[in-house]
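Reading through the structure tokens given below for one structure.
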Amino acid sequence: MSDAGFGFGFGGVLKSAVEAFGPLCVGIDPHDFLLQEWGLPSSAAGVREFGLRAVDAVSGRAGIVKPQVAFFERFGSAGYAALEEVLAASRAAGIITIADAKRGDIDTSLAGYAEAWLTPGSPLEADALTVNPFQGVASLEQAMTYAADNGKGLFVLAATSNREAAGLQRARIERIGSDQGSSSTVTVSRAIIDDVSAFNAGRIDAGVVGSIGVVLGATVDFPAQGVDVDAPHSPALPVLAPGFGHQGAQATRVRELFGALTPLTLVSESRSLLQAGPHGLAAAIDARSAELRAALG
Numbered sequence: 094m095s096d097a098g099f100g101f102g103f104g105g106v107l108k109s110a111v112e113a114f115g116p117l118c119v120g121i122d123p124h125d126f127l128l129q130e131w132g133l134p135s136s137a138a139g140v141r142e143f144g145l146r147a148v149d150a151v152s153g154r155a156g157i158v159k160p161q162v163a164f165f166e167r168f169g170s171a172g173y174a175a176l177e178e179v180l181a182a183s184r185a186a187g188i189i190t191i192a193d194a195k196r197g198d199i200d201t202s203l204a205g206y207a208e209a210w211l212t213p214g215s216p217l218e219a220d221a222l223t224v225n226p227f228q229g230v231a232s233l234e235q236a237m238t239y240a241a242d243n244g245k246g247l248f249v250l251a252a253t254s255n256r257e258a259a260g261l262q263r264a265r266i267e268r269i270g271s272d273q274g275s276s277s278t279v280t281v282s283r284a285i286i287d288d289v290s291a292f293n294a295g296r297i298d299a300g301v302v303g304s305i306g307v308v309l310g311a312t313v314d315f316p317a318q319g320v321d322v323d324a325p326h327s328p329a330l331p332v333l334a335p336g337f338g339h340q341g342a343q344a345t346r347v348r349e350l351f352g353a354l355t356p357l358t359l360v361s362e363s364r365s366l367l368q369a370g371p372h373g374l375a376a377a378i379d380a381r382s383a384e385l386r387a388a389l390g
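Under my numbering, think of the first position of the sequence shown as 94, with each following residue one higher.
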């Protein structure tokens, strides 16, 4: 399905979920210490049970989950089978899934990853996938096109929440302007955001929501990485925002941090919610959602 003319593409589905449930995105990160706290084994069976319990708690309370693929992948094929069940259960509950796999490669390889994660009916089908643009945003073009054509989305790493990346993301590169011979320098983060916005603008009408978004972490000196959160983006730009909760950012600061991007910024939390345990997770989700509603007015 193409996102042209919009209404049914990933951007629209995401917008509807945020309007219905708010911007909270619940990370499903079965760390070993969390498995232990939940009384589950560190095994494929344990991460399966953890994921399914998390989906049950999210259902009807939040509209988006983000399984961290690494915590399933460490158990090999059995871990992937567990993840397939978690993704399928989320889909059956009407929850948007973002597979946090951070795939990055040359264009043809990225196209293969897109087929694995974003093909309707595939075993690992998710609604969106996180991707790494280190080999250039152009290397993502086949994957971006595949996602948009199939009603799916991508979130491209632009300004991440880990401190190790700050120097690279603040580095400045030259961009050639539209005027012949003109050029300017922008941060790497800003260049990625501009390229993603240009892709969205080339596919869909100005007044709708893009299918390709960016990852902007709520820590690491953000937004002081050359990211103008009040710059206009048309189509609207979805943002996946890790860094809240355990990493220190407060959900009540979302508007202060993300400015004009706030309406489509997904507030992603995992450990800070998951530590409530299998019997307390639903209440923790309700409390955080209420806090966000109050903060956003």
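Quick reminder that beta carbons are idealized off the backbone N, C-alpha and C, glycines included.
With H, G and I counted as helix, E and B as strand and the rest as coil, what does DSSP make of Ala207? DSSP, read as helix, strand or coil, puts Ala207 in helix.
Would you decide whether Pro226 is buried or exposed? Buried here means 16 or more other CB atoms lie within 10 Å of its CB. buried
Excluding the 5 residues preceding and the 5 following Leu250 in the sequence, name in chain order all residues of the same chain whose CB lies nearer than 6 Å to its CB. Asn225 and Val308
Could you pull the DSSP bridge partners for Glu267 from this structure? The partner list for Glu267 (beta bridge, DSSP) reads Thr278.
Quick one: residues in its chain with C-beta nearer than 7 Å to the C-beta of Ser85, no 5 flanking neighbours on either side, listed in chain order? Because residue 85 is not part of the residues shown, which for the chain are 94 to 390, the question remains open.
In whole angstroms, what separates the C-alpha of Ala97 from that of Gln129? Note that Ala97 has pLDDT 40, beneath the 50 cutoff, so the model's placement of it is unreliable and no number is given.
Taking the C-alpha atoms as reference points, what is the distance between Gly390 and Leu366? 22 Å
Tell me whether Ser202 sits in a helix, a strand or coil according to DSSP, three-state version. helix
For Glu218, is the classification buried or exposed, using 16 other Cβ atoms within 10 angstroms of its Cβ as the cut-off for buried? Label assigned to Glu218: buried.
Note the first and the last residue of the continuous alpha helix (DSSP H) segment covering Ala171. Gly169 to Ala185
Give, in chain order, every unbroken run of the alpha helix (DSSP H) that is at least 4 residues long and sits entirely within the region 217-265. Secondary structure remark: continuous alpha helix (DSSP H) runs of at least 4 residues inside the region 217-265, in chain order: 234-242 and 259-263.
Is there contact here, the region 256-272 with the region 205-217, by at least three beta-carbon pairs under 8 Å? no
Beta-carbon proximity check, Tyr206 vs Ala236, cutoff 9 Å: Cβ distance < 9 Å, so Tyr206 and Ala236 count as in contact.
Sub-9 Å separation of Gly102 and Gly244 beta-carbons: Yes. Within cutoff.
Rounded separation between Pro325 and Gly352 - CA only: Roughly 11 Å between the two C-alpha positions.
Euclidean distance between Cα positions of Gln228 and Thr190: 25 Å
Pick from Gly132, Pro116, Ala194 and Arg256: whose alpha carbon is nearest that of Gly370? Gly132
Alpha carbon to alpha carbon, what distance is there between Arg196 and Leu203? 7 Å
How big is the Cα-Cα spacing for Ala110 and Asp379? 16 Å
Between the Cα of Ile188 and those of Val301, Pro116 and Ala175, spot the shortest distance and give me the residue it belongs to. Pro116
Within 10 angstroms of its Cβ, does Pro123 collect 16 or more other Cβ (buried), or is it exposed? With 16 or more other Cβ atoms within 10 Å, it is buried.
Suppose you measure from the CA of Leu261 to the CA of Arg346; what does that come to, to the nearest Å? 25 Å
State buried or exposed for Asn293, treating a residue as buried only when at least 16 other CB atoms are found within 10 Å of its CB. buried
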